[in-house]
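Novice:
Residue numbers (my numbering): 5 to 260.
1. Would you identify the three-state DSSP class for residue 85, choosing helix, strand or coil?
2. Let me make sure I understand the geometry here. Which of 34, 251, 41 has the alpha-carbon closest to that of residue 185?
3. Candidates 91, 119, 116, 181: which alpha carbon is nearest residue 108's?
4. Quick check on the DSSP output: the alpha helix (DSSP H) that includes residue 256 runs from which residue to which?
5. Checking the sheet assignment: what are the DSSP bridge partners for residue 173?
6. Have a look at 181, 201, 219 and flag the residue whose alpha-carbon is nearest the alpha-carbon of residue 209.
7. What residue range does the alpha helix (DSSP H) around residue 140 cover?
8. Could you please give the first and the last residue of the uninterrupted beta strand (DSSP E) stretch that includes residue 218?
9. Per DSSP, which one or two residues make a beta bridge with residue 68?
10. Give a yes or no on contact between the stretch 47 to 66 and the stretch 181 to 201, applying the rule of three or more CB pairs nearer than 8 Å.
11. My output table needs one value for residue 145: the three-state DSSP class, helix, strand or coil.
12. Rounded to whole angstroms, how far is the Cβ of residue 258 from the Cβ of residue 94, which I believe are closer than 8 Å?
13. The beta strand (DSSP E) with residue 129 in it runs from where to where?
14. Under three-state DSSP, which class holds residue 75?
15. Can you tell me whether residue 233 is buried or exposed? The criterion is at least 16 other CB atoms within 10 Å of its CB, across all chains shown.
16. Rounding to the nearest angstrom, what Cα-Cα distance links residue 78 and residue 96 in this structure?
17. For residue 114, count neighbouring C-beta atoms within 10 Å of its own C-beta (all shown protein chains included) and say buried if the count is 16 or more, exposed if not.
18. Ignore the nearest five residues each way along the sequence and tell me which others in residue 237's own chain have a CB closer than 7 Å to its CB.
19. Based on Cα-Cα distance, which residue from 146, 139, 188 lies nearest to residue 159?
Spelled out as structure tokens, the structure:
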């Protein structure tokens with residue numbers, strides 16, 4: 005089941021939303037609007053991606069190469085290319101429901117809610133970090149803590165405090181967001197407001213027709229030589245993807 009959680013997380017990472025344009029005047033003192041712009045920029049209307057996820061530890065390193073297709077808020081489909089022993093494993097995300105496919109046993113497994121908050125395969129990501137990305141907007145209070153200019157661009161530091169009744173893991177998240185919507189850094193704090201880990205964007209360049217971080221790194225604060233690295237190999241936005249791509253039949257039959 006650990007592999008199932010891994011593929012579900014990937015679906016959460018790449019489930020993009022329609023891009024929304026916010027007036028710059030609305031952003032200066034509106035933390036929620038800044039975060040919403042960043043998440044919308046991250047997702048796009050649809051996407052096709054090929055990417056590598058590397059889990060690094062002091063005594064080992066493991067890389068998984070995957071292909072992914074996403075459409076709007078609801079739909080995402082992913083398959084593993086490498087390593088050979090995992091090739092063909094897939095994941096389908098429709099709304100908040102997720103399914104995993106294992107070609108070796110020719111079986112589709114629906115992930116139970118109890119697994120959505122667990123870590124997967126020893127990585128530094130969890131499903132709650134990204135699979136419920138709308139939670140960042142709905143379950144937190146957002147405050148602009150700092151605004152500064154770097155190389156002619158305004159950089160916002162946003163504090164997101166969890167609502168008391170929100171069913172979430174993190175008590176607080178801090179985000180650093182550029183004025184063009186690029187998320188530069190995201191820090192995660194437990195219920196005692198102790199920082200546990202952080203995600204950093206690196207190598208911002210033209211990808212899929214827009215400026216986009218080519219590399220994302222999630223690292224734990226208490227272990228220096230432990231991190232998970234996500235690297236885009238190919239990425240495009242706005243592809244015309246049919247709805248039938250995002251079905252259980254497509255997951256099982258690998259119809260793309």
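Think of the CB as a built atom: it goes at the ideal place given N, C-alpha and C, for glycine as much as any other residue. Note that the structure is a prediction, hence the values are computed from the model and not measured.
Specialist: From the atom records:
1. Within the chain shown, the letter at position 81 stands for residue 85. Strand at residue 85.
2. For the purposes of this step, residue 185 is identified with residue 181 of the chain shown, where counting begins at 1. Checking every option, the nearest Cα to that of residue 185 belongs to 41.
3. In the chain shown, the residue the question calls residue 108 occupies position 104. When each option's Cα is compared against that of residue 108, the closest is 91.
4. Translated into the one-based positions of the chain shown, residue 256 becomes position 252. Where residue 256 is concerned, the enclosing alpha helix (DSSP H) stretches over 252 to 257.
5. Along the chain shown, read from residue 1 onward, the residue named residue 173 stands at position 169. Paired residues: none, contrary to the question.
6. Residue mapping note: residue 209 aligns to position 205 of the chain shown, counting from 1. Residue 209 has its Cα closest to that of 219, out of 181, 201, 219.
7. As a position in the chain shown, residue 140 is number 136, starting the count at 1. Residues 139 to 142.
8. Taking the chain shown and counting its residues from 1, the one referred to as residue 218 is at position 214. From DSSP, the beta strand (DSSP E) with residue 218 extends over 214 to 224.
9. To locate residue 68, count along the chain shown from 1; it is residue 64. The partner list for residue 68 (beta bridge, DSSP) reads 57.
10. Two segments are said to touch when three or more pairs of C-beta atoms, one from each, lie closer than 8 Å; by this definition the stretch 47 to 66 does not touch the stretch 181 to 201.
11. Position 141 of the chain shown, counted from the start, is the residue given in the question as residue 145. The answer is strand: DSSP assigns residue 145 an E or B state.
12. By one-based count along the chain shown, residue 258 stands at place 254. By one-based count along the chain shown, residue 94 stands at place 90. About 7 Å; that satisfies the 8 Å criterion.
13. Taking the first residue of the chain shown as position 1, residue 129 is located at position 125. Counting along the chain, residue 129 falls outside any beta strand (DSSP E), and DSSP gives it neither H nor E.
14. One-based indexing of the chain shown puts residue 75 at position 71. In the structure shown, residue 75 sits in a strand (DSSP, three-state: E or B).
15. Here residue 233 corresponds to residue number 229 of the chain shown, with the count starting at 1. Buried, since its Cβ has 16 or more Cβ neighbours within 10 Å.
16. For this step, residue 78 is matched to residue 74 along the chain shown. For this step, residue 96 is matched to residue 92 along the chain shown. So the alpha carbons of these two residues sit roughly 10 Å apart.
17. Stepping through the chain shown from its first residue, residue 114 is reached at position 110. By the 10 Å Cβ count, residue 114 comes out exposed.
18. In the chain shown, the residue the question calls residue 237 occupies position 233. Take residue 237, set aside five residues on each side of it, and the residues of its chain with a beta-carbon closer than 7 Å to its own are 54, 55, 56, in chain order.
19. Translated into the one-based positions of the chain shown, residue 159 becomes position 155. Comparing Cα-Cα distances from residue 159 to each of 146, 139, 188, the minimum goes to 188.
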